[in-house]
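Participant: The opening residue of the sequence shown carries number 9 in the working numbering; numbering runs sequentially from there.
Yeah, the Cβ is synthetic: ideal placement off N, Cα and C, and Gly gets one too.
Let me begin by handing over the structure; questions about it come next.
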Amino acid sequence: MTETALTSSDHYGSEHTRVAGRWISRLMLTAVIGVTLSCSKTPVVGVTTEVPWSVAGQWIIADTHTHTRFSDGNLSISDLVARAQANGCDALAITDHSDVSEKAATPAYFAAINEARATHPSMLILAGIEWNIPPYAGREHMSVLVAPTLEAKILPQFKQQFENNKAKADDALRWLRQRLDSEQQAVLIYNHPSRNHTDVHQSESELLSWRSVNHLVIGFEGAPGHQKNDPIGAYKHELKTVDRWDPVAANMGGVWDHLLDQGHDVWAALATSDYHNDKMDYGPCAFARTHILVPQRTILGVLRALRAGSFWADEGRLLRKLHVTLSAPGLLVPLVPGETARIDPKQPVKLTIALQRDAGAEGSALNVELIGNGALGKPSLLHQAQLKPDQQTINWTFRNLVSGGDKLSAYFRVRVRKSVADGPDLIAYSNPIRLILR
Ligand SMILES: [Zn+2]
Ligand SMILES: [Zn+2]
9 MTETALTSSD
19 HYGSEHTRVA
29 GRWISRLMLT
39 AVIGVTLSCS
49 KTPVVGVTTE
59 VPWSVAGQWI
69 IADTHTHTRF
79 SDGNLSISDL
89 VARAQANGCD
99 ALAITDHSDV
109 SEKAATPAYF
119 AAINEARATH
129 PSMLILAGIE
139 WNIPPYAGRE
149 HMSVLVAPTL
159 EAKILPQFKQ
169 QFENNKAKAD
179 DALRWLRQRL
189 DSEQQAVLIY
199 NHPSRNHTDV
209 HQSESELLSW
219 RSVNHLVIGF
229 EGAPGHQKND
239 PIGAYKHELK
249 TVDRWDPVAA
259 NMGGVWDHLL
269 DQGHDVWAAL
279 ATSDYHNDKM
289 DYGPCAFART
299 HILVPQRTIL
309 GVLRALRAGS
319 FWADEGRLLR
329 KLHVTLSAPG
339 LLVPLVPGET
349 ARIDPKQPVK
359 LTIALQRDAG
369 AEGSALNVEL
379 IGNGALGKPS
389 LLHQAQLKPD
399 QQTINWTFRN
409 LVSGGDKLSA
419 YFRVRVRKSV
429 ADGPDLIAYS
439 NPIRLILR
């Protein structure tokens, strides 16, 4: 059913050519769709969910979940920001616990964050909170990130009304949405989803119930912080991390795959430090890194890219680059994670994975796996390959894809692994690309 072609050539072209090509191609694509629409009733091939900055955007490194002395972290905001910058973070979210006994979302909190913004002008510093989601009495946590123009107004009110176990999560999501011009102004991420669960599927039903209200919650923190801790992630109960990632993301056919199979575009290729102190945690961007392709180097750009799914993440400085693209006849520009396109399922589609090793994988062979539902109609391992230490690119071609649980589409996601003899492997995950097969 599939054909495999290996190549070690470098995939990255000149930025100029790619940007120009992208614009021309999108225009041509629009013209092709227009002609098809007007001439026949055959299925239209084209992009249905686009990441418009997929070529012209820029990659940044981010940590979306950290704590300071405004809750139970050890560092001041200015010291944390300095550490983050020294470690290579371009963007950092301060997400102190919003318990009423803590000092997150107070005037002093925003003043300290604004001071850090002034002293570190090249850093994108998001002022967020880590919310105790009702009714779980502190058991379940969500990072709440909002646009800078709204943070000092919305977050204190949010804390006052919904940091309260009698409050309802659905009401909080509705309340927050009413205060936004659009969903682009906020991103909510379900943190360390399996940490306190007995059954991995609990986080799936929780996520689905929140997303039935609106789509402010974009998905999961796929890899929790506290990576120095024993147990990793401070997963002290029944469920443990799998090679440093939450089982939601790490189990093939698990929660994330099930949601994707059912047609839900939720993201989990996100790794954070959850920095509190040096005993439990690596510093921001020292070990866990989320690589975000942003439309502009602004906080709004970060929020927009997180919402669009244009990011991937690694642990242990595994990879510097992980570019997953999909091309198919009729698509003049390859798709990237976060994007969906309608294709003709009888035509071949080509997946290309181009990576560059970081310090954690220099000179190492890497295992690359392609996970998706397009072969069996349910999530499975579609392909895997061992990349030699000098190999950076692999292509896989598929024909006759079938749709998954939603009876409409198929998705692809990528896992890259470096085997570690005496501990958990180091892993990077991509977000999915989706194809509508009719
Ligand atoms: Zn937490
Ligand atoms: Zn936290």
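How close, in whole Å, do the beta carbons of G233 and T280 come, if the pair is a contact with beta carbons under 8 Å?
Facilitator: Indeed they touch by this definition, with Cβ atoms about 5 Å apart.
Participant: Do you know how far the Cα of V344 is from the Cα of W404?
Facilitator: Roughly 15 Å between the two C-alpha positions.
Participant: Between D366, A418, S372 and T348, which has its C-alpha nearest N381's C-alpha?
Facilitator: When each option's Cα is compared against that of N381, the closest is A418.
Participant: Taking 7 Å as the cut-off, is the beta-carbon of R110 closer than that to any non-hydrogen atom of ligand 1?
Facilitator: The identity of residue 110 in the sequence shown is Glu, whereas the question assumes Arg. Incorrect: E110 has no Cβ contact closer than 7 Å to ligand 1.
Participant: Verify the contact flag: E469, CB atom, against every heavy atom of ligand 1, threshold strictly below 7 Å.
Facilitator: A question about residue 469 goes unanswered here, because the residues of the chain that appear run from 9 up to 446.
Participant: If you reduce the DSSP assignment to three classes, tell me which class N95 lands in.
Facilitator: N95 falls in the coil class under three-state DSSP.
Participant: I need the DSSP call for Q364, collapsed to helix, strand or coil.
Facilitator: Looking at Q364 - three-state DSSP - the assignment turns out to be strand.
Participant: Tell me whether H73 counts as near ligand 2, meaning its Cβ is closer than 7 Å to at least one heavy atom of that ligand.
Facilitator: True, at least one ligand heavy atom lies under 7 Å from that Cβ.
Participant: Rounded to the nearest angstrom, what separates D282 and G338 at their Cα positions?
Facilitator: Near 43 Å, if we compare the C-alpha coordinates of G338 and D282.
Participant: Between T103 and ligand 2, is the CB less than 7 Å from at least one heavy atom?
Facilitator: Yes - ligand 2 has a heavy atom lying nearer than 7 Å to the Cβ of T103.
Participant: Within the continuous beta strand (DSSP E) that includes E323, where are the two ends?
Facilitator: Here the beta strand (DSSP E) through E323 covers F319 to E323.
Participant: Could you pull out every residue in the same chain whose Cβ sits closer than 7 Å to the Cβ of A177, ignoring the five residues on either side in sequence?
Facilitator: Result list for A177: I141, P142 and W218, in chain order.
Participant: State yes or no: is the C-beta of N439 nearer than 7 Å to some heavy atom of ligand 2?
Facilitator: Answer for N439: no, Cβ out of range of ligand 2.
Participant: Say yes only if the C-beta of N199 is nearer than 7 Å to one or more non-hydrogen atoms of ligand 2, and no if none qualify.
Facilitator: True, at least one ligand heavy atom lies under 7 Å from that Cβ.
Participant: How many Å lie between E191 and I102 at the Cα?
Facilitator: Their backbone Cα atoms lie some 20 Å apart in a straight line.
Participant: For my contact list, F228 and D254 are in at a C-beta cut-off of 8 Å; report their separation, rounded to the angstrom.
Facilitator: Sure, about 7 Å apart at Cβ, within 8 Å.
Participant: Let's test the definition: count the other Cβ atoms within 10 Å of the Cβ of M3 and tell me whether it reaches 16, buried, or not, exposed.
Facilitator: Here the chain covers residues 9 to 446 and nothing more, so residue 3 does not appear.
Participant: Might you give, ordered along the chain, the residues of its own chain that have their beta carbon closer than 6 Å to the beta carbon of A175, omitting 5 neighbours on each side?
Facilitator: Closer than 6 Å at the Cβ level, and outside the excluded window around A175, lie P142.
Participant: Round the Cβ separation of L389 and I379 to the nearest angstrom and send it over; I've been treating them as touching at under 8 Å.
Facilitator: 6 Å between Cβ atoms; contact.
Participant: Closer than 6 Å by C-beta to P375: which residues in its own chain qualify, once you throw out the five before and the five after it? Chain order, please.
Facilitator: The sequence shown places Asn at residue 375, rather than the Pro named in the question. Hits under 6 Å: Q394 and R425.
Participant: Using 7 Å as the cut-off, classify the Cβ of H149 as near or not near the heavy atoms of ligand 1, replying yes or no.
Facilitator: Yes.
Participant: Report the residue from L278, L88 and S130 whose alpha carbon sits nearest the alpha carbon of R423.
Facilitator: Among L278, L88 and S130, the Cα nearest to that of R423 is on L278.
Participant: Given 7 Å as the limit, tell me if D282 has its C-beta closer than that to any heavy atom belonging to ligand 2.
Facilitator: Within the cutoff, so yes.
Participant: State the Cα-Cα distance for the pair A126 and L88, rounded to the nearest angstrom.
Facilitator: Their Cα atoms are separated by approximately 14 Å.
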